[in-house]
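Heads up: the sequence shown begins at 22 in my numbering, then just goes up one per residue.
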Amino acid sequence: MSFLLLRFLWTSKENERINLYIKNVKDYMRTLITTLLLLISPLLKANEVVFPEGVESGYVLFEFDISKEGKPTNIEIIEDYPKDVFAENALNALKKWTFKVRYIAGKPVVQENMTYKMEFKVEE
22 MSFLLLRFLW
32 TSKENERINL
42 YIKNVKDYMR
52 TLITTLLLLI
62 SPLLKANEVV
72 FPEGVESGYV
82 LFEFDISKEG
92 KPTNIEIIED
102 YPKDVFAENA
112 LNALKKWTFK
122 VRYIAGKPVV
132 QENMTYKMEF
142 KVEE
């Protein structure tokens with residue numbers, strides 16, 4: 022009787038080790054796949070931006086909603102620096118973006134009052 026009990030305890034410990042091993046393999050594979058996708062995915066390159074003479078950087082701060090389809094709506098420019106240099110190009114770019122849709126109880130919902138700061142910097 023005691024032999025069977027010891028065998029059961031040993032099997033239980035062995036199962037814990039196997040489950041831990043499987044979890045580690047899953048974590049490793051998830052990391053590997055993510056890394057490979059990043060390596061083979063093309064880099065997104067923004068349209069070329071013409072910088073006025075003497076301007077090396079700037080930004081445009083937006084506030085907007087994201088529709089149930091993931092498109093930006095009700096876009097407002099909260100702040101831009103230098104004033105009126107990048108705003109028009111940044112606004113045109115943002116209008117083309119698609120964002121991840123948010124779901125609540127399985128239904129897409131509007132995401133309100135989102136902010137995004139689009140930064141511009143001369144490549145060195």
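The C-beta atom is built at its ideal place from N, Cα and C for all residues, glycine as well.
Quiz prompt | Per DSSP, cross-strand counterpart(s) of Asp101 | solution = DSSP output for Asp101 lists Val81 as bridge partner(s).
Exercise. Could you tell me whether any Cβ in chain C is nearer than 8 Å to the Cβ of Thr52?
Key: Annotation note: the requested chain C is absent from the structure, which comprises a single protein chain.
Quiz item: Based on Cα-Cα distance, which residue from Asp86, Asp101, Asn40 lies nearest to Asn95?
Solution: The residue with the shortest Cα to Cα distance from Asn95 is Asp86.
Practice problem: Give the straight-line distance between the Cα atoms of Glu97 and Ala126, rounded to the nearest whole angstrom. | Solution: Their Cα atoms are separated by approximately 29 Å.
Quiz prompt | 7 Å CB neighbourhood of Pro73 in its chain, flanking five on each side removed | solution = Same-chain partners within the cutoff: Val106.
Self-check item: Leu128 versus Leu41: straight-line alpha-carbon distance, rounded
Solution: Per the sequence presented here, residue 128 reads as Lys, with Leu not at that position. Between Lys128 and Leu41, the C-alpha separation is close to 36 Å.
Quiz prompt | From Val81, Pro93, Glu37, residue whose alpha carbon lies closest to that of Met135 | solution = That would be Pro93, whose Cα lies nearest to the Cα of Met135.
Exercise. Measure the CB-CB distance between Glu100 and Leu112 and report whether it falls below 8 Å.
Key: At the C-beta level, Glu100 and Leu112 stay beyond 8 Å of one another.
Quiz item: Going straight from the alpha carbon of Ser88 to that of Glu109, what length do you get?
Solution: Using only the alpha carbons, I get a separation of about 22 Å.
Quiz item: Cα-Cα, which of Val130, Gln132, Gly91 is closest to Lys116?
Solution: In this structure, Gly91 is the residue among Val130, Gln132, Gly91 with its C-alpha nearest to the C-alpha of Lys116.
Quiz item: With respect to the alpha helix (DSSP H) encompassing Lys128, which residues constitute its N-terminal and C-terminal limits?
Solution: According to the DSSP assignment, Lys128 belongs to no alpha helix (DSSP H) but to the beta strand (DSSP E) extending over 128-130.
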